[in-house]
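Okay, structure first, notes after.
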Amino acid sequence: MSSARFPLGALVTEPPTFILSFIASHLPPWVAAKIPTILGVDIRDWVDIAHTHNYQPHRLAPFEGYYTRLITSNGATILLIFSTVREARSEHKPNLLHFSYIPSAINGNSRAQIISVYPTNLEFKGKWAPHENEITLTATDDHWNELGRYWVNSDGEGIFELKLPVEDGTIDVNVKVRSRKPWEGLAIDEDCPRDGNGPEGQFAALKCLLPLHWFVWSVHSTADLSIRKLTSGNDDPEILYEGEAKAHVEKNWGRSFPTGWVWIQSIVPTTLLQDSDVKEDEDLKTPPYIAFAGGQTLVIKAFLFGFSCPPLHGGSSNAPITWSFRPLYTMLFPLPFTGRFFSPFCKEEYNSLEGLYKFEVIDWTWKFGWRKVKLLCKGPPATSSSCDSTTTTSDYVRLPCPMSDGHDNEFAKETFDAIILVEAFQWKRTSVWDIFSITKFCNPTQWQKVASQEFKRTALEWAYAAVDDNLTFLSTSVELRCFQSKL
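As C-alpha cells, then:
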C-alpha cells in the first residue's frame, strides 16, 4: 500500500483492537457469562469492533472487489463481479465489471455468455455507521453511460442491474438477492447475533495491517433473476434465464492478491453419504455450505475455511456442525532450502494438473475441545481453459484478477463442477490425563467422526502460480489417488 494511502494511525489503533477482540473471542463461555461487562462495556462488543464495516467500501484499499456466484436449478452458474485497482494505469484496466452465464454440461441447449467490461469509472458509496447494510457500486463508460449498478438496500437485499454491450446487441441482467444467511449463522448466540462475523474473525480488526482480506456477506441466499439478450433490429428479447437461484456473496480488499491461491465454494450438498440425512432446507438458520480460500502471502501460506452440514447419526441435537478455521492454526511456514511448507496443525497437498486438492487442519476451542477437519476436492484437470459460447460448468473459465497493476490478465482458472468431501472429527478424551498422551492424541480411534458431507457443483479456482507447470507441487499422496478413484 502506498504511503500516501496508508493511514499511520492504524499502527496505533489496530493492534490493541485486535488483541481485545482476540481475548473476547476466546474467553470460556462461563467466564463471558459471569463477567458480562468490563468498565461498563459488554465484552462481546469488542468482537463487534472487528466485524464492523466489512462489507462497506474500503476506499483506502488499493484494490477491492465484490463477487457473487449464483447457481440455478438447471445447474448453471452465473458470476457477477465489480472490482477496482485504484492506482492502476488506464492502459492496464483498473476497473472490471464481469458477467458470466455458464450452462451445465448436461444442458446442451444453452450457450455460455462470458463478458468482461472495463469501465472508465467505478464508483463505491457506503455508510460509515455500525452494521449498516447500504452500499452502491456504479460502473460507467467514458461518456458516463451506466453499464451496471449493484446496491444493497436497508433490508439487506442485494440488487444488480446490468446493461452490457455484446457484438449483436446488449445483455440485460436483473438480480435480487434476498434471505441472507451470514457466516456461521447466529455466530455468538440467539439473543445477540453477530451477523458481521466472517471468515477472518478477530483478524478483521487488522484492516490496514494485513495485506489481504476476505469477507463472506452471505453463505446461502435466494435470488430472483432475469437474463435477457436484446438483439439489434429485434424488438423481442431472447430470454436466457428467468427464475430463482441460490447465491453466495463475498468481497476481497487489501494491497494486492497473492502470487498463488486456491478458492473453493459450494452450497449444493449431495445425499450420497448413507450416514447423513441431508435436506436442502432454505429455512435453516445455517443451510449447508462450504467456503475455503488461501494461498501464499509474503513468505507464508495462510488459509480461511468454514463449513456447515448436518451431524452424523442424529443424536440429542439436530443442530448443524458449523465450524470455522483461521490462523494461527491454518498457517504454513516455509522450510528453508526445500521449497515446501510445514505446520504442526495443518497440511496441504494438491495436484492442479489432475484437479485434486486436499487440506487438513486441527485446532482447539473452549466449546468443542480439539477438532479436526479433512477437505478433499476433485475437479477437472486444470490443463486447459476456454472463454467462448461452448464453455460449460465442467470447463475452466479464465478470469481477470485484481493484481497490483490492474485487471489486464487472466491469471485465474475456475471450474464449477467439482466435488468436495468434508469430514469433521472431535477428539474423545476419556480422562484429564489424556491431553498429555501423545500416543492417544495421534491414535485415529481417539477421534470421533461427527460430520461427513459431500458437496456438488463446487467452484474450484486455481491462481496462476498454482497452475504453472514449473511452480505446481505435484503430490504423490496415496490418499489423493484413492480419493480420485473413489469419486
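Just so you know, the working numbering puts 322 at position 322 of the sequence shown, and the rest follows in order with no gaps. We put the CB at the ideal spot given by N, CA and C, even for glycine.
Determine the contact status of residue i and residue j, defining contact as a CB-CB distance below 7 Å.
i      : j      : result
VAL422 : GLN448 : no
ILE267 : ILE420 : no
GLN426 : VAL397 : no
GLY295 : SER324 : no
THR490 : LYS163 : Outside the shown range of the chain (1 to 487) lies residue 490, about which nothing can therefore be said.
LEU304 : PRO402 : no
SER308 : THR322 : yes
GLY96  : SER83  : It is Leu, not Gly, that sits at residue 96 in the sequence shown. Yes.
GLY260 : HIS213 : no
PRO62  : GLY126 : no
THR445 : ALA245 : no
THR68  : VAL219 : no
TYR55  : TRP183 : no
PRO103 : ALA76  : yes
SER226 : GLU242 : yes
THR415 : LEU460 : yes
SER394 : ALA112 : no
SER116 : ASP168 : no
PHE337 : ILE300 : no
On a CA-only basis, which of the options is nearest residue i? Give me that one, please.
i      : options                           : result
LYS251 : PHE455, ASN318 and ALA204         : ALA204
LEU210 : THR68, TRP217 and GLN202          : GLN202
PRO269 : THR140, THR383, PHE455 and LEU80  : PHE455
LEU70  : PHE160, ASN121, PRO57 and ASP236  : PHE160
TYR118 : LYS127, ALA245 and PHE99          : PHE99
GLN114 : GLN265, THR138, ILE362 and LEU80  : Here the sequence assigns Ile to residue 114, which means Gln is not the residue at that position. Closest option to ILE114, Cα to Cα, is LEU80.
TRP151 : PRO258, ILE106, LEU230 and LYS176 : LYS176
SER90  : LEU122, ILE78 and SER110          : LEU122
THR120 : ALA105, PHE292 and GLU146         : GLU146
PRO344 : ASP363, SER104 and TYR350         : ASP363
VAL262 : GLU64, THR138, THR77 and LEU375   : LEU375
ALA424 : LEU312, PHE341, ASP395 and THR338 : LEU312
VAL373 : PHE341, LYS413, PHE292 and LEU230 : PHE292
Output yes if chain B places a C-beta closer than 7 Å to the C-beta of residue i; else output no.
i      : result
TYR150 : Here there is only one protein chain, and chain B is not present.
Excluding five sequence neighbours on each side, which residues of the same chain lie with their C-beta closer than 6 Å to the C-beta of residue i?
i      : result
LYS347 : GLU360
ARG178 : GLU157 and THR222
GLU354 : PRO381
ARG86  : PRO62
ILE78  : LEU70 and TYR101
ASP172 : LYS163 and ARG228
ASP388 : none
GLY65  : SER83, ASN252 and PRO402
VAL166 : none
What residues are listed by DSSP as bridge partners for residue i?
i      : result
TYR55  : Looking at the DSSP assignment, TYR55 forms no beta bridge with any residue, so it has no partner.
TYR150 : LEU137 and PHE160
GLN296 : GLY260 and LYS301
GLU87  : The partner list for GLU87 (beta bridge, DSSP) is empty, contrary to what the question assumes.
Only counting the same chain, and skipping five residues up and downstream in sequence, which positions put a Cβ closer than 7 Å to that of residue i?
i      : result
ASP405 : ALA88 and HIS92
ASP408 : HIS92 and LYS93
ASP235 : none
PHE368 : GLN426
THR476 : Only weak support is given to the placement of THR476: the predicted model assigns it a pLDDT of 32, under 50, and the value that follows is read from those uncertain coordinates. Counting only Cβ-Cβ distances below 7 Å, and skipping sequence neighbours, we find nothing.
First and last residue of the beta strand (DSSP E) that includes residue i?
i      : result
TYR357 : 356 to 365
ASP172 : 169 to 178
ASP417 : 412 to 427
CYS346 : 346 to 351
ILE102 : 95 to 102
GLU64  : 63 to 72
MET403 : MET403 -> no beta strand (DSSP E), and no H or E assigned at all.
GLU184 : No beta strand (DSSP E) contains GLU184, which DSSP labels as neither H nor E.
Going by beta carbon distance, what residues of the same chain come within less than 8 Å of residue i, once the five residues before and after it are set aside?
i     : result
GLY40 : With a pLDDT of 47 at GLY40, under the threshold of 50, the modelled position of this residue cannot be trusted; read the value that follows with caution. So no residue of the chain qualifies.
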